[in-house]
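Peer 1: Dropping a structure here in structure tokens format, bear with me for questions.
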Amino acid sequence: MRVHPLGSILILVWLFTSGWSSVAGAAPVADTVVVNARVYTVDARKPWAEAIAIRKGRILAVGSNAEISRYRANQTRIIDAEQRLVLPSLTDCHVHFLEGSLGLSRLGLDDAQSIADVQRKLKEFAAAHPDSSWLVGRGWTYPIFGESGLPHKRDLDVVVSDRPVVLEGYDMHTVWANSKALAAAGITRETPDPPHGTIVRDAATGEPTGTLKESAAKLLWDAIPRLTDEERLEALRKGLAEANRLGLGRLHSAGRDQDVLPLFERLRQQDQLTARLYVALPMEPPSLTPEFLARLRAARSTYQNEWLSTGAVKIVVDGIVETHTAAMFEPYVDVPSERGEPFWAENELARAVTELDRQGFQLFTHAIGDRAVRLTLDTYQRAAKQNASRNRRHRIEHLETLTEQDASRLGKLGIIASFQPFHAYPDATTLDTWAGKIGPERASRGFGWQRIVKGGGKLAFGSDWPVVTLNPWYGIQTAVTRETEEGKPPGGWLPEQRLSLEQALRAYTLDAAFAARLEKEEGSLEAGKRADLIMLSRNVFEIDPREIRNTEVQLTMVGGKIVYRK
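Position 542, counted from 1, in the sequence shown is what my numbering calls 537; the numbers after and before it change by one each time, with no gaps.
So, in structure tokens, the structure goes:
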């Protein structure tokens, strides 16, 4: 091919100004080189290395110190890892980021072991925030309420009666309010239950007890004064800093963040978006509407870059086991009159999934009960057949219990199993409350990670923050041991479902990237991919798996830029 003389000059100028001087036989010059590391690449062809060269946010090369030395020059920044473990930065495949970020400054109840603990914490929080018109918190668990499993407004009224109090349960499916909050929201004995929601009432008087399940919680959230953009931006900055501190470079938002897309974009334009975001927009039952489709298309065309992207839809098909709202084939053992019902009519769900699949949207479907999982798989399979679609990589979120038959279908249909492994932490919430409601047979199918892997399925791991901690090292330890931090039960709950450390890391890295159609760009440390990596305080391959949760991140790099350094 002949090249015009001017074209040749321009090519040479580009080669030299971009650092590529291969015309002169030299290697491209790296901006940054990491040396003396134990690099676990998550690349099966070359799993281990000791150095990485980075230029303009991309990985130039991975290899030995000697091999990477050819990319160094006087201006290259050298990071000496001092034999620390280096991994791809982790991805959290399921967060509700704004709520988690706001929770960093709200009342936290994650460690409350009793109603008295909640009352003490609420009293202290109220005293420390005398100017807050509403007191908002989250994190309580069902076992603290004993046999009933549900809270009551009287236990809040005795602590705070002059201001509204709203406390969300750890699972984000139930809220607990005092009398002042119910009054502020206009919730009385005459207030009807909204679709797919329940205002729990006193059996004798019909008065609301202060517990609101599922969509009924929105009655309270809508009454809370709206935060300003600056207040929400400040919360998002705190959340991003926390994500980076924990080694997270990519987050998949599984709903509730759609309204802050413009704020994420503002942070990106100000170079303050220090983790990449893939945001799913939630679709509400009972049907797919033209208005929602229009919003989806607009969001997909507006937010489509390496830092902030959309193109996914979150669908909630059922609720949760703890409140008997997860859709099961058989009744709950503790309340035989209930088995949960899907939030969507089967024909409407099928129509919506087929149309969204046809338009190329990826689907994140919340399905916890075995009946809900079956319904979701059936609709995915029907859509693929009708549209002749391939490699859509639709996902099911949570999959807490599913039949043996459906476990093998995930791999055959190419459906991603999106789990939050810390949900399987075998404490009283899991082994007593959760398992106690569905019985031993269904509980024996709980969180069946190896069952899905052996059937050819892929796992993608996340946290469900703020449902549980954003810290991925808690999830990794639970995936590997299935024990509590005290080592109970010995050998792990359902130990045959434990993962190897390599499998767990892959579910937070390369397979997490695959779950967002990004495996060619992210998820492993390979030449050409984005320079997203972390350096750890300890080599998790060499320590007792029961110590993984204590791992600290020394450095987080996203796009070649250090966004956290301890």
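Quick reminder that beta carbons are idealized off the backbone N, C-alpha and C, glycines included.
What are the boundary residues of the alpha helix (DSSP H) that includes G98?
Peer 2: For the purposes of this step, residue 98 is taken as residue 103 along the sequence shown, with counting starting at 1. Looking at the DSSP string, the run of the alpha helix (DSSP H) that includes G98 is F92 to G98.
Peer 1: DSSP three-state call for A48: helix, strand or coil?
Peer 2: Counted from its first residue, the sequence shown places residue 48 at position 53. A48: strand per DSSP, three-state reduction.
Peer 1: Looking only at C-alpha atoms, which of E237, T183, K483 and P416 sits nearest to E547?
Peer 2: By 1-based counting over the sequence shown, the position of residue 547 is 552. When only C-alpha atoms are compared, the closest one is E237.
Peer 1: Between the segment 103 to 114 and the segment 474 to 491, can you find at least three pairs of beta-carbon atoms closer than 8 Å?
Peer 2: Not touching, per the Cβ criterion.
Peer 1: Please list, in chain order, all residues of the same chain as L97 whose beta carbon is under 6 Å from its beta carbon, the five residues on each side excluded.
Peer 2: Within the sequence shown, numbered from 1, the residue matching residue 97 stands at position 102. Closer than 6 Å at Cβ, skipping near neighbours: A230.
Peer 1: Counting C-beta neighbours from all protein chains within 10 Å, is the total for N545 16 or more, i.e. buried, or is it exposed?
Peer 2: Here the question's residue 545 lines up with position 550 in the sequence shown. By the 10 Å Cβ count, N545 comes out exposed.
Peer 1: Does DSSP put H247 in a helix, in a strand, or in coil?
Peer 2: Your numbering for residue 247 matches position 252 in the sequence shown. Three-state DSSP puts H247 in a strand.
Peer 1: Expressed to the nearest angstrom, what Euclidean distance is found between the alpha-carbon atoms of A56 and I47?
Peer 2: On the sequence shown, residue 56 is found 61 positions in, with the first residue counted as 1. On the sequence shown, residue 47 is found 52 positions in, with the first residue counted as 1. For A56 and I47, the distance between alpha carbons rounds to 6 Å.
Peer 1: When you compare the CB of T223 with every CB in chain B, is at least one pair closer than 8 Å?
Peer 2: The question asks about chain B, but that chain is absent: this structure has only one protein chain.
Peer 1: Does DSSP classify I391 as helix, strand or coil?
Peer 2: On the sequence shown, residue 391 is found 396 positions in, with the first residue counted as 1. In the structure shown, I391 sits in a strand (DSSP, three-state: E or B).
Peer 1: Could you pull the DSSP bridge partners for I54 from this structure?
Peer 2: The residue labelled residue 54 in the question sits at position 59 within the sequence shown. I54 pairs with I49.
Peer 1: When DSSP labels each residue in this structure, what does V131 get in the three-state scheme?
Peer 2: Along the sequence shown, one-based indexing puts residue 131 at 136. V131: strand per DSSP, three-state reduction.
Peer 1: For G451, is the classification buried or exposed, using 16 other Cβ atoms within 10 angstroms of its Cβ as the cut-off for buried?
Peer 2: Counting from 1 along the sequence shown, the entry for residue 451 is found at position 456. Its Cβ having fewer than 16 others within 10 Å, G451 is exposed.
Peer 1: Decide if L222 is buried, meaning its Cβ has at least 16 other Cβ atoms within 10 Å, or exposed.
Peer 2: Working through the sequence shown from its first residue, we reach residue 222 at position 227. Counting Cβ neighbours within 10 Å, L222 comes out exposed, since fewer than 16 surround it.
Peer 1: Can you tell me where the beta strand (DSSP E) with E209 in it begins and where it stops?
Peer 2: In the sequence shown, residue 209 corresponds to position 214, counting from 1. P203 to E209 is the span of the beta strand (DSSP E), which, as asked, contains E209.
Peer 1: For the putative contact between T320 and G306, defined by C-beta atoms under 8 Å, what is the C-beta separation to the nearest angstrom?
Peer 2: Position 325 of the sequence shown, counting from 1, holds the residue named residue 320. Position 311 of the sequence shown, counting from 1, holds the residue named residue 306. In fact, because the Cβ distance is near 29 Å, the residues do not count as touching under 8 Å.
Peer 1: In chain order, which alpha helix (DSSP H) runs of at least 4 residues are fully inside the segment 478 to 528?
Peer 2: Counting only runs of 4 or more, we get 496 to 503 and 505 to 509.
Peer 1: For the alpha helix (DSSP H) containing L235, name the first residue and the last one.
Peer 2: One-based indexing of the sequence shown puts residue 235 at position 240. D224 to R240 is the extent of the alpha helix (DSSP H) around L235.
Peer 1: When you compare only the Cα positions, how much space is there between L10 and A25?
Peer 2: As a first step, residue 10 is located in the sequence shown; it is residue number 15 there, counting from the start. As a first step, residue 25 is located in the sequence shown; it is residue number 30 there, counting from the start. Reliability fails at L10, whose pLDDT of 39 lies under 50, so the model's placement of it is uncertain and the value that follows must be treated cautiously. Using only the alpha carbons, I get a separation of about 14 Å.
Peer 1: My assumption, with CB atoms under 8 Å, is that R388 sits in contact with I363. Please give the rounded CB distance.
Peer 2: Locating residue 388 in the sequence shown gives position 393, where the first residue counts as 1. Locating residue 363 in the sequence shown gives position 368, where the first residue counts as 1. That belief does not hold up - the Cβ atoms of R388 and I363 are roughly 21 Å apart, past 8 Å.
Peer 1: From S17 to G95, what does the alpha carbon distance come to, in whole angstroms?
Peer 2: Locating residue 17 in the sequence shown gives position 22, counting from the first residue. Locating residue 95 in the sequence shown gives position 100, counting from the first residue. Note that S17 scores 40 on pLDDT, short of 50, meaning its location in the model is unreliable; the coordinates nonetheless yield the value given after this. Spanning the two alpha carbons is a distance of roughly 48 Å.
Peer 1: Within 10 Å of its beta-carbon, does D539 have 16 or more other beta-carbons around it, so buried, or fewer, so exposed?
Peer 2: As a first step, residue 539 is located in the sequence shown; it is residue number 544 there, counting from the start. D539 is exposed by the Cβ-count criterion.
Peer 1: As an exercise, report each continuous beta strand (DSSP E) stretch of at least 3 residues that is fully enclosed by the segment 268 to 308, in chain order.
Peer 2: Within the segment 268 to 308, the complete beta strand (DSSP E) runs of at least 3 residues are 271 to 278.
Peer 1: Just to confirm my understanding: we take E478, look at its own chain, exclude 5 residues before and 5 after, and list those with CB closer than 6 Å. What are they?
Peer 2: To locate residue 478, count along the sequence shown from 1; it is residue 483. Hits under 6 Å: G487.
Peer 1: Within 10 angstroms of the Cβ of V195, are there 16 or more other Cβ atoms? Answer buried if so, exposed if not.
Peer 2: Here the question's residue 195 lines up with position 200 in the sequence shown. Buried, by the Cβ-count rule.
Peer 1: Can the beta-carbon of G164 be found closer than 8 Å to that of W135?
Peer 2: What you label residue 164 is simply residue 169 of the sequence shown in a count that begins at 1. What you label residue 135 is simply residue 140 of the sequence shown in a count that begins at 1. Yes. Within cutoff.
Peer 1: Indicate whether R79 and L372 have their beta-carbon atoms separated by less than 8 Å.
Peer 2: As a position in the sequence shown, residue 79 is number 84, starting the count at 1. As a position in the sequence shown, residue 372 is number 377, starting the count at 1. Taking 8 Å as the Cβ cut-off, R79 and L372 do not qualify as a contacting pair.
Peer 1: Rounded to a whole number of angstroms, what is the C-alpha to C-alpha distance between H(-1) and Y503?
Peer 2: Within the sequence shown, residue -1 is the residue found at index 4, counting from 1. Within the sequence shown, residue 503 is the residue found at index 508, counting from 1. At H(-1) the pLDDT is 41, less than 50, meaning the model places this residue with poor confidence; the figure from the coordinates comes in the next sentence. So the two alpha carbons sit approximately 49 Å from each other.
Peer 1: Whether or not the segment 410 to 424 and the segment 376 to 394 are in contact is what I'm after, with contact meaning three or more pairs of Cβ atoms, one per stretch, closer than 8 Å; do they touch?
Peer 2: These segments touch.
Peer 1: For D75, report the span of its beta strand (DSSP E) as first-last.
Peer 2: Taking the first residue of the sequence shown as 1, we reach residue 75 at position 80. Unbroken beta strand (DSSP E) run through D75: R72 to D75.
Peer 1: Go to A22, then tell me how far its alpha helix (DSSP H) extends in each direction, as first and last residue.
Peer 2: Looking up residue 22 in the sequence shown gives position 27. Premise fails: A22 is in no alpha helix (DSSP H) and is neither H nor E.
Peer 1: Does the beta-carbon of T183 have 16 or more other beta-carbons within 10 angstroms, so that it is buried, or is it exposed?
Peer 2: Stepping through the sequence shown from its first residue, residue 183 is reached at position 188. Counting Cβ neighbours within 10 Å, T183 comes out exposed, since fewer than 16 surround it.
Peer 1: When DSSP builds the beta bridges, which residues end up paired with V548?
Peer 2: For this step, residue 548 is matched to residue 553 along the sequence shown. V548 pairs with L531.
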